[in-house]
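Each remark here refers to the structure printed beneath this line.
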Amino acid sequence: MSTPDPRAIAAPYEEIAARTAATMARIDDEFQAEREDIAYYWEREEARAAAEAEPEPEPQIERTARRPRREPQQVDPSETGYYSSGWLS
1 MSTPDPRAIA APYEEIAART AATMARIDDE FQAEREDIAY YWEREEARAA
51 AEAEPEPEPQ IERTARRPRR EPQQVDPSET GYYSSGWLS
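Take 1 as the starting number for the sequence shown in full-length UniProt numbering and just add one per residue.
Set out below in structure tokens:
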């Protein structure tokens, strides 16, 4: 009895391995395309949600110019007739 050629024994298994690798690559490509579609969808959803969540800008109130504060004036009490103790009689 002669020993069979190892390449003849391995040939069917190598063919199965090659077909399996090709099938796995095709499936991986399909899943990659699906992952990209899902990522694109979520990017659009997040952008839409962010646009909806942005608060409306509050209306700007026009401010009028303020008059400058006047410094208190030192007034001679004899001119007003008022002293800290009250009115002069």
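Cβ coordinates follow ideal geometry from the N, Cα and C atoms, glycine included.
Secondary structure of Arg19 (DSSP, three-state): helix. In the three-state reduction of the DSSP assignment, Arg63 falls in the coil class. Annotated three-state conformation of Gln32 is helix, per DSSP. A straight line joining the alpha-carbon of Glu15 with that of Arg26 spans about 17 Å.
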